[in-house]
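First comes the structure, then the notes that go with it.
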Ligand SMILES: *[C@@H]1O[C@H](CO)[C@@H](O)[C@H](O)[C@H]1NC(C)=O
Ligand SMILES: *[C@@H]1O[C@H](CO)[C@@H](O)[C@H](O)[C@H]1NC(C)=O
């Protein structure tokens, strides 16, 4: 890969699974210890601002807090809301892993001291935390497709490893699971008490943080589940595209999108100045600092209320953080306008959406398999799906974000099936491009399944603007 292209990849890589590509451009990493500043981590200045209510203008600190998704008391959610004559048929859950340790280090600084063991006397806490650990320690490799069986089932390092799920991440998903349990199992009886293995469909990428997030959600959903009834499939692609990953046009959209992202960054002189200042503080060339994707690590400091790193040249501070975070928000805004990411997303999300409607259609035929599907994934999984669905106003997937497809049957007209789409508990069904304004024409508070099917089978490709009307043609369009 050439250097510029590599840099583009890195730019796009905030929180991605591409981090096996080292994001340093022709520099070697020399481990350098931070000078002692005589302060213990406890006595350092903390940076967590007080929780705020939604500000009138985009506020980088407020946005960052939403991204952290720090567990708090019961949140409001719209999952499972339906008139009495509707029966819940199946549920398809896409999650982003919970809070994790950074994937990148800020060069020449001490990495944040965060403990990834799970303990009851640390916040945030969940009443099922100890039972979760104890249940995980009874798990066996038989429940996991290779190579998942070589991964630890819960985080356990006193100093987190790179990318490791934290206690916050586990609690976020125990909470998600419990919320879904209360709604889908207790209220809507989605599964019988003696549910069987084939009623679940579980799939995760091969990172410990996604597997562990999936397990935490599952444990909240089905406490003390029988290990013999659990089987997690391994998904090698962050797009969950399984056998249909080859798509040259999708890659062309991605390259153009990365180019756009690069040019936007070059235009932002305040951002360049900030990187320059930070590079001086840590004493590396600016491009090395930038390539090390410092926002990923800074978000970890921010979300964990740990002060930003200092060296003898000074400290990385909140103003630096705000400038980079603000740029991220502007980048997302331009990404929506320029539509290149939409092209990437329509093709990238097609296989998993196609798989989902296949599962839904089988359920409408009365099949009792795969009634609860869980895909444990990444921001680079959820983002294209949200964009493809037309949910462009949706925020970038926070830690432990959840996107849910509910399939319902109208008991008064049993041949009619409808879907609801929820993002982080908010009903976004009528914000999707395939069901916009449907509620103005129909008294039903949901979207006909046919709309979603038509969208996935055909309209997705029409939206791309080419002549292709199926995935293969759209992926191989000439002269794009
Ligand atoms: C962040 O840390 C400071 C200093 O230790 C503390 O006073 C504050 O309550 C903490 N904030 C949160 C939200 O934990
Ligand atoms: C879409 O799903 C159907 C089965 O439901 C399958 O036959 C087809 O190959 C899938 N297409 C793609 C592009 O994934």
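In mature numbering (1 follows the signal peptide of the UniProt record, and there is no 0), the protein residues as written are -19 to -1, 1 to 461.
For glycine and all other residues, C-beta sits at the position ideal for the given N, C-alpha and C.
Distance from the CA atom of residue 109 to the CA atom of residue 268, rounded to whole angstroms, is 45 angstroms. Around the beta carbon of residue 64, fewer than 16 other beta carbons sit within 10 angstroms, so the residue counts as exposed. When the alpha-carbon of residue 370 is set against those of 348, 129, 403 and 280, the nearest one is in 403. Beta-bridge partners assigned by DSSP to residue 81: 146. Runs of the alpha helix (DSSP H) spanning 4 or more residues and lying entirely within the region 34 to 113 occur at 41 to 49, in chain order. If the five residues before and after residue 349 are omitted, its C-beta is found closer than 7 angstroms to the C-beta atoms of 180, all from its own chain and listed in chain order. Under the three-state reduction of DSSP, residue 459 is assigned to coil, being neither helix nor strand. Nearest to residue 412 by alpha-carbon distance, out of 380, 386, 375 and 236, is 375. Contact annotation: residue 136 and residue 153 have beta-carbon atoms that are not nearer than 9 angstroms. Under the 10 Å beta carbon count, residue 317 is surrounded by fewer than 16 other beta carbons and is classified as exposed. No heavy atom of ligand 2 is found nearer than 8 angstroms to the CB of residue 242.
Look at residue 286: its beta carbon is less than 8 angstroms from one of the heavy atoms in ligand 1. Taking 8 angstroms as the cut-off, the C-beta of residue 148 does not count as close to any heavy atom of ligand 2. Those residues that have a beta carbon less than 5 angstroms away from any non-hydrogen atom of ligand 2 are, in order along the chain, 225, 332, 335, 339 and 452.
Between the region 331 to 349 and the region 247 to 267, the count of C-beta pairs closer than 8 angstroms stays below three; the two stretches do not touch. Residue 373 and residue 320 have their C-alpha atoms roughly 10 angstroms apart.
Residue 135 carries a coil assignment under DSSP once its states are collapsed to helix, strand and coil.
Sequence-distant partners of residue 228 (beyond 5 residues in either direction) whose C-beta falls short of 6 angstroms from its own C-beta, in its chain, are 328 and 456.
For a cut-off of 8 angstroms, the C-beta gap from residue 367 to residue 430 is around 20 angstroms, too long to register as a contact.
Look at residue 401 here: in three-state DSSP terms it is strand. Judged by their CB atoms, residue 225 and residue 76 are not nearer to each other than the 9 angstroms cut-off. Between the C-alpha atoms of residue 393 and residue 60 there is a straight-line separation of about 22 angstroms.
In the three-state reduction of the DSSP assignment, residue 443 falls in the helix class.
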